[in-house]
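In the working numbering, the protein residues as written are -5 to 231.
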Amino acid sequence: MERQELLNEVKKRNNNKVIQEKMCKTFSMRRLEVVSGTQAAEDFTERWPALFCADGITEEFRRITTISLEQSFMSKLDAYTPKLLALMKAKGGELGTKLRPFLFKLSQNQSIGMRREAVIRSLILYLGEKGEELFEDCQGDNRSDATEHVLKIMVVHDAAEEDPVDVSIILEGREVLHGCGNAAKACALLMGLIYALNLAYPQTLRYTFEVFQKLFLELDGMKLSPKVQALKSKLLT
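Below is the structure:
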């Protein structure tokens, strides 16, 4: 009954307080569905539409972990940025060449969202992984087909604008969240969705998501892979 009432409440405007109260009441039911693995992401969006918004994801993540999702993610990303940049600037060879465009962007007077995105994209390269495995860049008049992607952050650009005009999250071939604002916030919200839906990290980005989880969100941070442990040691030196 609570879930059915919740479906009606999400259709109303300025109703966030009531929605979050009902989301809290139905939390155990939702977790049971997630753990049992009976619902695909598409079915889950229909059964629990209130989860698929920034506030819904943030509150669900807090219920699961007691951690403030975006605040924790961004504060650690910003705190580690100076050391990350120093490590990347010291890189030579092929990796140094790949990192140079992002380091150049960071030297420009950009918005905080664009700076954070450049740091994350360069971090992915530094970890030996590929940014295109996480980000799908496209133009506003030529958006990528969501059905081609299992897990992706779509960054929509406009030739006249420096900041992206839209950033969305794709899960299992469907755009489940629009209007993330910037790519860094989308990364944090994607982590929230991964926890909320109990999804596995893509193997091609296992180190990137390990950094997101264990360094930025400080969850299960005592168990690190050798690569991420080496990075953490350098960041704390």
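Note that CB positions come from ideal geometry on N, CA and C, so glycine has one too.
Rounded separation between residue i and residue j - CA only
| i | j | result |
| --- | --- | --- |
| arginine 57 | glutamate 204 | 21 Å |
| lysine 228 | threonine 52 | 30 Å |
| valine 12 | proline 220 | 45 Å |
| valine 170 | isoleucine 163 | 6 Å |
| leucine 145 | valine 161 | 14 Å |
| proline 158 | isoleucine 106 | 13 Å |
| leucine 100 | serine 69 | 18 Å |
| leucine 79 | aspartate 72 | 11 Å |
| arginine 137 | isoleucine 147 | 12 Å |
| leucine 230 | methionine -5 | 50 Å |
Where the alpha helix (DSSP H) through residue i begins and ends
| i | result |
| --- | --- |
| methionine 185 | 177 to 191 |
| aspartate 131 | Premise fails: aspartate 131 lies in the beta strand (DSSP E), 129 to 133, not in any alpha helix (DSSP H). |
| leucine 119 | 106 to 120 |
| valine 159 | Valine 159 -> no alpha helix (DSSP H), and no H or E assigned at all. |
| glutamate 126 | No alpha helix (DSSP H) contains glutamate 126, which DSSP labels as neither H nor E. |
| asparagine 2 | -4 to 3 |
| leucine 211 | First-last for leucine 211: undefined, no H or E at that position. |
| threonine 202 | 200 to 204 |
When the options are compared against residue i, the one with the closest alpha-carbon
| i | options | result |
| --- | --- | --- |
| phenylalanine 46 | Thr60, Leu1, Glu88 | Leu1 |
| valine 113 | Lys179, Leu145, Ser162 | Lys179 |
| leucine 128 | Asp135, Gly122, Arg115, Asp157 | Arg115 |
| proline 43 | Leu63, Arg(-3), Ala84, Gly134 | Arg(-3) |
| histidine 143 | Gly167, Asp157, Ser30 | Gly167 |
| leucine 191 | Glu15, Ala35, Arg7 | Ala35 |
| glutamate 64 | Met185, Leu213, Ala194, Ile118 | Met185 |
| valine 28 | Gly134, Met216, Leu193 | Leu193 |
| leucine 211 | Cys174, Ser66, Val149 | Ser66 |
| lysine 77 | Met216, Glu(-1), Leu117 | Leu117 |
Residue span of the beta strand (DSSP E) that contains residue i, given as start and end
| i | result |
| --- | --- |
| glutamate 169 | 168 to 171 |
| valine 149 | 145 to 151 |
Three-way DSSP call (helix, strand, coil) for residue i in this model
| i | result |
| --- | --- |
| cysteine 18 | helix |
| phenylalanine 46 | coil |
| asparagine 8 | coil |
Cβ-based burial, residue i [other Cβ within 10 Å; buried from 16]
| i | result |
| --- | --- |
| glycine 50 | buried |
| leucine 89 | exposed |
| glutamine 207 | buried |
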